[in-house]
Amino acid sequence: MTVQVSLRSFFKINGFELPRDADQQSRLGVEIDPGKDFENLKPGDLLFFGQKSEDGKPEKITHVGIYLGNKEFIHCSGKVSIDSFDPKAPNFNEYRYKTFVKAKRLIEK
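In this text, residue positions in the sequence shown follow this note's numbering: the first is 234, and each later residue adds one.
Given below as structure tokens:
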């Protein structure tokens with residue numbers, strides 16, 4: 234049996250109330266410069282995906298995941314997946330790599 238826990242439920246269990254939608258969640262925490270190779274991210278950082286602001290169009294956040302370390306992240310898009318930002322990894326997710334917008338840290342370790 235597979236148990237799916239939403240991002241909001243996970244954080245609530247750990248004492249944090251998150252808004253329902255990814256774009257609302259993206260307004261919380263401290264923005265982290267991920268670095269050229271995602272070296273500045275820590276496990277637990279939230280990753281936001283969508284469309285960066287450009288050409289006068291506002292940023293649009295449509296998806297969120299949790300960074301696990303080693304360029305991997307967990308997210309749910311129909312099913313829970315662990316994907317990678319590393320193009321050499323078998324679980325590389327090119328779509329999420331291209332639509333990554335920003336990272337936020339809610340919990341300082």
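Each residue gets a CB set at the ideal place from its N, CA and C atoms; glycine is no exception.
Remember, predicted model here, so these are calculated numbers, not experimental data.
For arginine 241, the nearest candidate out of Ile265, Leu279, Asp270 (CA to CA): To locate residue 241, count along the sequence shown from 1; it is residue 8. For the residues Ile265, Leu279, Asp270, the minimum Cα distance to arginine 241 belongs to Leu279.
Spatial distance of aspartate 256 from leucine 301 (CA atoms): The count along the sequence shown starts at 1 and reaches residue 256 at position 23. The count along the sequence shown starts at 1 and reaches residue 301 at position 68. In a straight line, the C-alpha of aspartate 256 is about 21 Å away from that of leucine 301.
Assuming leucine 261 and leucine 339 form a contact by the criterion Cβ under 8 Å, report the distance between their Cβ atoms to the nearest whole angstrom. As a working mapping, residue 261 is identified with position 28 in the sequence shown. As a working mapping, residue 339 is identified with position 106 in the sequence shown. Right, their Cβ atoms sit about 6 Å apart.
Please classify phenylalanine 318: does DSSP put it in a helix, a strand, or coil? The residue given as residue 318 occupies position 85 in the sequence shown. Coil, per DSSP.
Nearest CA to the CA of lysine 269: which residue from Gly311, Phe318, Phe243? As a first step, residue 269 must be located in the sequence shown, where it is residue number 36. Checking every option, the nearest Cα to that of lysine 269 belongs to Phe318.
Does the beta-carbon of glycine 298 have 16 or more other beta-carbons within 10 angstroms, so that it is buried, or is it exposed? In the sequence shown, the residue the question calls residue 298 occupies position 65. Buried, since its Cβ has 16 or more Cβ neighbours within 10 Å.
What's the gap between the Cα of lysine 245 and the Cα of lysine 337? Position 12 of the sequence shown holds residue 245. Position 104 of the sequence shown holds residue 337. Distance between the alpha carbons of lysine 245 and lysine 337 is about 17 Å.
Give every residue of the same chain whose Cβ lies closer than 7 Å to the Cβ of lysine 285, excluding the five residues on either side of it in the sequence, and list them in chain order. Locating residue 285 in the sequence shown gives position 52, where the first residue counts as 1. Excluding sequence neighbours, lysine 285 sits near Glu292, Val334.
Pull up the CB-CB distance for isoleucine 294 and glycine 277, whole angstroms please, since I reckon it's below 8 Å. Along the sequence shown, one-based indexing puts residue 294 at 61. Along the sequence shown, one-based indexing puts residue 277 at 44. Actually they are not in contact, since the Cβ atoms of isoleucine 294 and glycine 277 sit about 18 Å apart, beyond 8 Å.
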